[in-house]
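Let me begin by presenting the structure, written as C-alpha cells, before commenting on it.
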Amino acid sequence: MSGVTRRQFIKIGAATAGAVAVGSGLTTRWWGLDGDPVANPGTDGDRVVPTFCELCFWKCGVLAHVKDGRVTKITGNPAHPLSRGRLCPRGTGGTGLLYDPDRLKRPMLRRDKRGEQVFEEVSWEEALDFTAQRLLNLKDRYGPESLALYSHGYGGSWFKHLLKAYGSKNIAAPSYAQCRGPREVGFQLTYGSTLGSPEVLDLENSRVITLIGSHLGENMHNTQVQEFATAIDRGATLIVVDPRFSTAAGKAKYWLPIKPGTDLALLLAWMHVIIAEGLYDKEYVDTYAIGFDELKEHVRDKTPEWAWTQTTIAPETIVETARVIAGGRPASLVHPGRHVVWYGDDTQRSRAVAILNALLGSYARRGGIFVPSQMALPAYPYTAYQGHPKAPPDRPKDQGYPLADEVLASGLCMASIPGTASYDIKGWLVYGTNLLMALPQPERTKEAIQALDFIAVVDVLPAEIVGWADVVLPEATYLERCDDIDNPPWKVPFAAVRQEVVPPMYDSKPGWWIAREIALRLGLSDYFPWKDSMEYAMQRVHAAGYDCDVLRTTGVVVGKARPTTIEDGLVPKFATPSGKIELFSQRLKDAGFDPIPQFTPPDEPPAGHFRLLFGRAPTHTFGRTTNNRFLSEVYSQNELWLNAQMAAELGLKDGETVVAVNQDGVRSQPIRLKSTQRIRTDCVFMVHGFGHDAKGLRFARNRGADDSRLVTRIKTDPIMGGTGMSVNFVRVEKA
Amino acid sequence: MSRNKRYAMVVDTRLCVACKACVLACKGENAVPDGYSRDWLVEEVRGWFPHLSAENRSERCNHCAKPPCVAACPTGASHVEDGGAVLVTHDKCTGCKACIASCPYDSRYPHPDGYVDKCTFCLHRVHAGRLPACVEVCPTFCLHFGDLNDPESEVSRLLRGRKSKVLHPETGCEPNVFFLT
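Protein chains in written order, with my numbering: chain A, 91 to 825; chain B, 31 to 211.
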C-alpha cells in the first residue's frame with residue numbers, strides 16, 4: 091500500500107494540490123482500482139525468530155516476526171510443548187511491551203526522598219559504579235547477608251547467581267509465600283514432590299475436573315487452558331467450587347457457590363462420602379498410601395450435613411458431587427490451584443486436596459497428576475560459591491514456619507524493619523517484581539524500604555517499586571535479550587532458548603549484562619567467565635549433547651517421552667519419610683500441627699462488610715501488563731463485582747463509580763461497580779493489578795483500583811509462612 | 031480461484047473462555063489500528079444467582095450470503111470475494127459509511143486511513159493454505175474455519191453433528207459464522 095489512497099487523493103484534491111497528484115501517476119491507479127482486493131498486511135515479516143515468552147511465567151515458545159527491524163507480531167511456536175502453536179492474549183500482545191513508550195530508557199539515580207519518583211538520568215558507568223560501591227559498603231558494614239534479592243522472571247537467574255557469589259542466600263520471590271507456596275508444601279508433605287510450574291497436571295485426559303477457587307480461563311496459563319478446553323470437548327464433567335460464577339463455572343455441570351473460607355470443610359465432607367460409600371481406590375491406597383485408618387476415623391464426623399452448616403452447600407449436592415468425582419477416578423483431578431494464599435489455613439487445605447486426589451488414585455495416573463521428566467542440562471561449570479552465608483532472617487525469631495522450603499519474600503521485607511528478625515536486611519536488589527503490589531500490606535513495605543541503606547531496581551517499566559529505588563537499572567525486554575535455557579519438568583523433556591529478536595531499544599541492557607557488570611566491579615569476575623549470555627547458554631546446550639544451531643533455529647529441542655503415569659508403565663516413588671503417600675503426616679504432627687487437616691471456621695464479615703476476593707483477567711499478568719496498550723485496549727480497568735441484590739440495597743447502580751473501604755478505614759481508588767448475579771452476597775471481587783499510581787505509567791495510571799492496598803491484614807500460614815490475603819472486609823460506597 | 035467454495039467459521043461457545051487472544055492475534059496479523067478491532071468477545075450470562083448459565087462468543091463479520099453492506103455500497107468497494115467472503119477494496123472505498131449503517135452486526139469500522147475495514151476471513155492467509163490468525167492462535171480450539179461446500183470439511187462435520195445457531199437469523203442475511211451451543 092505504498093502511494094496515495096483514494097481517500098487521501100480526495101483530501102489532496104480539496105487542498106488544491108490535485109494537479110501534483112494527477113501528475114504523479116495516480117490517474118492510472120484511479121482506473122486500476124480493482125487490482126488487489128485481498129490485501130496482504132505483510133505482518134509475516136522478513137524473518138522469524140523463535141524465543142520464549144515472558145508476559146507471564148509459563149514460558150511458552152513464541153515466534154517473533156520481524157520486518158525491517160521491527161517486530162510485527164508474535165505467534166505461538168508449534169514445536170514448543172507449552173504453546174503448541176497457540177498463545178494466550180498476553181503472549182500475543184507482547185509487542186505492546188517492547189514498544190511501550192513508557193519503558194525505562196536510561197539508568198537513573200534518585201534525587202529526592204525515596205518514593206518521590208524524582209530521578210536524574212545518568213550513564214551506565216555512573217549507575218553501575220554507584221551500585222557496586224553501595225554493595226561493597228553493605229558487605230563491609232553488615233556482611234553480605236544484609237543484601238536481599240527479590241526476583242520474579244526468568245532473567246532473574248543472573249542476579250540470583252550474583253547474590254550467591256556476593257555471599258547472600260537471601261533470595262526470594264513473591265511467587266512462593268504470596269502465591270503457590272502452601273500448595274507446594276501440602277503436596278510435598280503428602281507425595282514427597284511439588285507440582286511446580288508448569289503444573290504437572292494431565293488435564294486433557296481427565297474425565298472429571300474439580301476446580302476449587304481456581305479460575306482457569308481467567309487464569310490464562312496457555313497449556314493448561316488448552317488441556318482444559320480439550321477435556322471439555324471430550325466430554326469431561328466439570329465441578330467448580332467458587333463464590334463467584336467464573337468463566338469456568340459457566341462451563342460446569344456443577345457450580346458450588348461456596349461460602350468463602352470454607353473449602354476445607356467441603357473437601358473433608360467429600361472424603362467422608364467417598365470413604366463411607368467405599369468409592370475410593372482401595373487397591374491404590376493399600377499399595378501406595380499410609381494413614382488411611384486415621385483418615386477414615388478423622389472424617390467420620392465430617393458429614394455432608396456438617397459441611398452444609400459451614401459451606402452453605404446442600405448435603406445432597408455434596409453427596410452427588412462426591413459420587414461424580416469418585417466415578418471419574420482415576421482420571422478425576424481435583425485441581426490444586428496456583429495462587430492459594432487465601433485464609434492462612436492454605437497448606438492444610440492443599441493437603442486436603444492432595445489427600446483427596448490420593449483417594450481417587452489420580453497421582454501418577456493418566457488424567458490426573460503426572461510424574462514429569464526433565465531434559466538433563468549440566469549446570470555451567472562455575473567456580474564454587476565461597477563462604478558460609480547465614481541462614482535467611484525471613485522467619486520470626488520465636489516461631490518459625492518450620493516447613494517452608496523457600497525463602498519468604500514477606501519475611502525478608504519484615505526483616506528489613508530494624509530489630510524484628512535474627513539480623514537486619516539493609517539492602518534490596520529488586521528484579522522484575524513490583525513489591526508494592528505483590529506483597530500484602532504495602533504501607534509496611536514502604537516502611538521497610540525507608541529503613542534500608544540501599545535499594546536498586548532492575549525493571550522494564552516504571553512500576554511503583556521503581557519510584558522507591560536509589561538507582562534504577564533499565565532492563566531490555568524479553569524480545570531483546572538472551573537468558574538461560576528453559577528446561578522445566580513436563581510431559582516430555584525439552585529445552586528452549588530465549589534469544590535476542592531485535593537489539594535493545596534506548597539505553598536498556600539485558601539482565602545478564604547488568605549482573606555481570608556489577609560483578610566485575612565487586613571483584614567477582616571469576617563467577618562471570620563468559621562473554622555473553624548466549625555463550626553461557628550454548629555451553630550448557632553443547633555440554634548436554636544437543637546441536638546449538640538447531641536449537642537457535644527451532645527455538646526448542648524436544649527429547650524422548652518417558653513414562654509419566656502408571657498406565658505408561660511408570661512405577662511411582664514417593665520421596666516422603668515413609669516412602670509412601672502420607673495421608674497422615676507424622677512430619678506435621680512432630681512439628682506441632684494437625685497430621686490430617688482440621689477445619690477452622692473463618693471470621694465473619696463485620697456488619698455491612700463483604701469479604702474482599704481478588705483474581706485474574708485473561709488479558710493481564712498482575713500489574714505487569716496493565717500499561718501494555720494492546721492488552722489495555724481490550725481490558726482497560728478492573729471492576730468491583732457486587733451481588734446485584736446487595737447493590738440494590740445499597741442504592742448502587744451497575745457501572746457507577748464506587749469506593750471500597752476496608753475494616754481499617756483504608757479506601758480504594760474509585761472503581762466501576764459491576765452489579766451482577768455472578769457472585770454471592772457476602773463477598774466482592776476485583777481483578778488484581780490495576781490502580782497504579784506510578785507517574786511513569788501513563789496508560790495504566792489511575793485506571794481501576796488496587797486490591798493490595800486494601801490488604802492491610804493477613805493471616806499467616808503457621809506451617810510455611812504464606813500470607814493469606816483473602817481475610818479483609820470492605821464496605822462499598824458511592825465515590 | 032475458489033468460486034465453488036463457501037467459507038464459514040464455526041465457534042464452539044462451550045470451549046471459548048473469552049480470553050480475547052483472537053482479538054489480539056487479528057490486530058497483530060492485520061495491523062488493525064489502535065482503538066479498533068475486527069473481532070470481539072461477547073459474554074452472555076443469563077439467570078439469577080445461583081441458577082446461571084453463560085455463553086461466550088468470539089464474534090466478527092458474518093460474511094453473509096446476502097450481505098446488506100454490499101447492496102448498500104455506492105462504489106462497489108464492498109463486494110463478495112471468492113468463497114463468499116465479503117471484502118472491502120480499500121482503494122474504491124470513499125469512507126461514506128453506508129455499509130456500517132447497513133450491517134446488522136456492527137462488524138465494520140472506519141479505518142483512520144479513510145476506508146472502511148472489517149474481518150477478511152484472513153483470505154490472504156487462506157489463499158496461502160493457512161488458517162485465519164484468530165483460528166490459529168485460539169488456546170481453546172473453539173474456532174474452526176473451512177469450506178461448507180465440502181461435506182468432509184471440519185466445519186461441515188461440526189455443523190452436522192452439533193446444535194448450532196447464527197446471530198440474528200431474522201435479518202435474512204444468511205450469516206456464515208455459526209455458533210455451536
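C-beta: ideal position from N, C-alpha, C; glycine also.
Next item on the list: Can you give me the Cβ contacts of Arg27(B) inside the same chain, cut-off strictly under 7 Å, excluding the 5 residues immediately before and after it?
Entry: Coverage of chain B is limited to positions 31 through 211, which leaves residue 27(B) absent and any answer about it impossible.
Next item on the list: Report all residues from its chain with a CB closer than 7 Å to the CB of Gly470(A); omit the five preceding and five following residues, and keep chain order.
Entry: It is worth fixing the name first, because residue 470(A) is Tyr in this sequence and not Gly. Excluding positions up to five away in sequence, the list reads Tyr626, Gln629 and Arg630.
Margin query: For Asn86(B), report the span of its beta strand (DSSP E) as first-last.
Written below: His81 to Glu89
Check: Do we get a CB-CB distance below 7 Å when we pair Ala218(B) with the residues of chain A?
Finding: Nothing can be reported for residue 218(B): it is not among the residues displayed for chain B, which extend from 31 to 211.
Notebook entry, point to check: Rounded to a whole number of angstroms, what is the C-alpha to C-alpha distance between Asp180(B) and Ser194(B)?
Noted result: 18 Å
Check: For Pro508(A), which residues from the same chain have a beta carbon less than 7 Å from its beta carbon, with the 5 sequence-adjacent residues on both sides left out?
Finding: Asp514 and Ala541
Next item on the list: Tell me, please, which residues DSSP counts as bridged to Tyr344(A).
Entry: Ile329(A)
Item checked: Chain-ordered neighbours of His157(B) on chain A, where CB pairs are closer than 8 Å -> Val128
Next item on the list: Note down the Cα distance separating Cys164(B) from Met39(B), rounded to an integer number of angstroms.
Entry: 11 Å
Note to self: For a test of the three-state rule: what should DSSP assign to Trp148(A), helix, strand or coil?
What the structure shows: coil
Checklist line | Cβ distance (whole Å) where Ala154(A) is taken to contact Val591(A) below 8 Å | finding: 4 Å
Next item on the list: Sort Lys163(A), Ala559(A), Val208(A) and Gly132(A) by Cα distance to Val139(A) and report the nearest one.
Entry: Lys163(A)
Next item on the list: Check the Cβ of Ala55(B) against every Cβ in chain A and list those closer than 7 Å, keeping chain order.
Entry: Thr182
Note to self: Residues of chain A with CB closer than 9 Å to the CB of Asp64(B), please, in chain order.
What the structure shows: Arg719, Phe720 and Glu723
Notebook entry, point to check: What are the start and end residues of the alpha helix (DSSP H) that includes Arg821(A)?
Noted result: That residue, Arg821(A), is in no alpha helix (DSSP H); its beta strand (DSSP E) goes Phe819 to Lys824.
Check: If Asp772(A) sits next to Lys349(A), beta carbons under 8 Å apart, how far is it from one beta carbon to the other, in whole angstroms?
Finding: 7 Å
Notebook entry, point to check: On the three-state DSSP scale, how would you describe Tyr374(A)?
Noted result: helix
Next item on the list: Using a Cβ-Cβ cut-off of less than 8 Å, list which residues of the stretch 788-801 of chain A approach chain C; keep chain order.
Entry: Among the protein chains in the structure shown, which are A and B, there is no chain C.
Next item on the list: Please decide whether Asn848(A) counts as near chain B, where near means a Cβ-Cβ distance under 7 Å.
Entry: This structure cannot settle anything about residue 848(A), because the visible part of chain A is limited to 91 through 825.
Margin query: Taking 6 Å as the limit between beta carbons, can you name the residues of its chain near Glu85(B), skipping five residues before and five after?
Written below: Thr43 and Glu74
Checklist line | 8 Å Cβ cut-off: residues of chain A touching Lys50(B) | finding: Pro179, Pro708, Thr709, Val724 and Tyr725
Note to self: Closest to Cys152(B) by C-alpha separation, out of Leu178(B), Val100(B), Arg138(B) and Cys56(B), would be which residue?
What the structure shows: Cys56(B)
Item checked: Between the CA atoms of His242(A) and Cys49(B) - distance to the nearest angstrom -> 24 Å
Next item on the list: Could you check which residue in Arg588(A), Gly490(A), Phe249(A) and Gly698(A) has the C-alpha nearest to that of His170(A)?
Entry: Arg588(A)
Next item on the list: Select from the stretch 162-194 of chain B all residues with a C-beta closer than 9 Å to any C-beta belonging to chain A, and list them in chain order.
Entry: Ala163, Glu166, Val167, Cys168, Pro169, Thr170, Phe171 and Cys172
Notebook entry, point to check: Where does Trp78(B) sit, in a helix, a strand or coil, going by DSSP?
Noted result: strand
Item checked: Beta carbon of Thr437(A) nearer than 7 Å to that of Gly276(A) -> yes
Next item on the list: Would you kindly work out how many angstroms separate the C-alpha atoms of Lys480(A) and Asn752(A), rounded to a whole number?
Entry: 39 Å
Next item on the list: Per DSSP, which residues does Cys70(B) bridge with? Please list them.
Entry: Before going on, a small fix: residue 70(B) reads as Trp here, not Cys. Answer is Glu89(B), bridged to Trp70(B).
Next item on the list: Check each residue of the stretch 304-318 of chain A: if its Cβ is closer than 9 Å to any Cβ of chain B, include it; give the result in chain order.
Entry: Leu306, Gly307, Glu308, Met310, Asn312, Thr313, Val315, Gln316 and Phe318
Margin query: Report the CB separation of Thr165(A) from Val62(B) in whole angstroms; it is logged as a contact under 8 Å.
Written below: Not a contact, Cβ separation roughly 16 Å.
Note to self: Using the three-state DSSP reduction, which class does Gly276(A) fall into: helix, strand or coil?
What the structure shows: helix
Notebook entry, point to check: Which residues in the same chain have their Cβ closer than 7 Å to the Cβ of Glu672(A), if we skip the five residues on either side of it in sequence?
Noted result: Leu279, Thr280, Ile380, Gly381 and Thr666
Check: How many Å lie between Ser440(A) and Gly649(A) at the Cα?
Finding: 32 Å
Margin query: With the cut-off set at 7 Å, would you say Thr105(B) and Thr124(B) are in Cβ contact?
Written below: yes
Margin query: Quick check on Glu70(A): does DSSP put it in helix, strand or coil?
Written below: Not covered by the structure: residue 70(A). The range shown for chain A is 91 to 825.
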